[in-house]
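Chemist:
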Amino acid sequence: MVIIMRVVSGTYKGRVLQAVPGNKTRPTTDKVKEAIFNIIGPYFDGGICLDLFAGSGGLGIEALSRGMDKVIFVDRDGKAVQTIHMNVARCSAEDKCEIYRNDALRALKALKKREMTFDCIFLDPPYKKQQLELILEMIDDMSLLNKDGLIVCEHSFDVSLPERICNLSCVRTETYGIITISIYKYE
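What follows is the structure in structure tokens.
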């Protein structure tokens, strides 16, 4: 079964995005995507975004559509990386994107070496292999989030993240069926 998603709003509104083939990647539904952006945006006046467990690239593409200047997509699955390339091309946004096939932890170290910082970071790891606390600690330790930036964590409703991780505080948590969104920022 092929899942079809769309860009919800902004410059690329209505563009159809392909899901990653197979059942290893769980796409963020359009309903949850719209809810996320209503909380964190809904639109942006520029900025750089990191979509760390990018899957199909839907969250990063939505951020571009809503005004981010650039998105770095990272996923370790080859099919996901191919799908991101295809979806970015469908939006003619290649010049605003960097797409890498890499493990999340190694990618964070590479971004630190490049002295990159982000206005928005999306973390949507596989539910069965959640490392969100470790990844949030690394982002804080490596100073990858800008002072006023946000980290959006998508996780299973039965996973409870701490109110505080290092210098990051959870400022909002919303649950949509089996999915919970936790948003972190600096105090």
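Add 912 to the 1-based position in the sequence shown for our numbering, that's all there is to it.
The beta carbon of each residue, even a glycine, is placed where N, CA and C say it ideally should be.
Leaving out the 5 sequence neighbours to the left and right, which residues in its chain are closer than 6 Å to Leu962 when beta-carbon positions are compared?
Modeler: Ile984, Phe1030, Ile1033
Chemist: Since I believe Ile1047 is in contact with Leu1035 (beta carbons under 8 Å), could you give me their beta-carbon distance rounded to a whole number of angstroms?
Modeler: 6 Å
Chemist: Return the chain-ordered list of same chain residues with a C-beta closer than 8 Å to the C-beta of Ala1016, the five sequence neighbours on each side being excluded.
Modeler: Leu964, Phe965, Val986, Arg988, Pro1037, Gln1043, Ile1047
Chemist: Is the region 999-1009 close to the region 934-951, with three or more CB pairs under 8 Å?
Modeler: Result no; under three Cβ-Cβ pairs closer than 8 Å.
Chemist: If you reduce the DSSP assignment to three classes, tell me which class Arg1084 lands in.
Modeler: strand
Chemist: So Ile960 packs on Lys982, CB below 8 Å; how close in whole Å?
Modeler: 5 Å
Chemist: Considering only their Cβ atoms, is the gap separating Ile1093 from Glu1099 smaller than 7 Å?
Modeler: no
Chemist: Would Met980 pass as a contact of Phe949 if the rule is Cβ separation under 7 Å?
Modeler: no
Chemist: Find the nearest neighbour of Asp1053 within the set Arg918, Asn1079, Gly953, judged by alpha-carbon distance.
Modeler: Asn1079
Chemist: Straight-line CA distance for Pro954 to Gly934?
Modeler: 31 Å
Chemist: Which one or two residues does DSSP pair with Glu1099 in a beta bridge?
Modeler: The partner list for Glu1099 (beta bridge, DSSP) is empty, contrary to what the question assumes.
Chemist: Is the separation between the beta-carbon of Ala992 and that of Gly967 shorter than 7 Å?
Modeler: yes
Chemist: Quick one: using the 10 Å Cβ neighbour count with 16 as the cut-off for buried, is Ile916 buried or exposed?
Modeler: exposed
Chemist: Relative to the C-alpha of His1067, which candidate in Ile1090, Thr995, Cys1009, Pro1074 has its C-alpha closest?
Modeler: Ile1090
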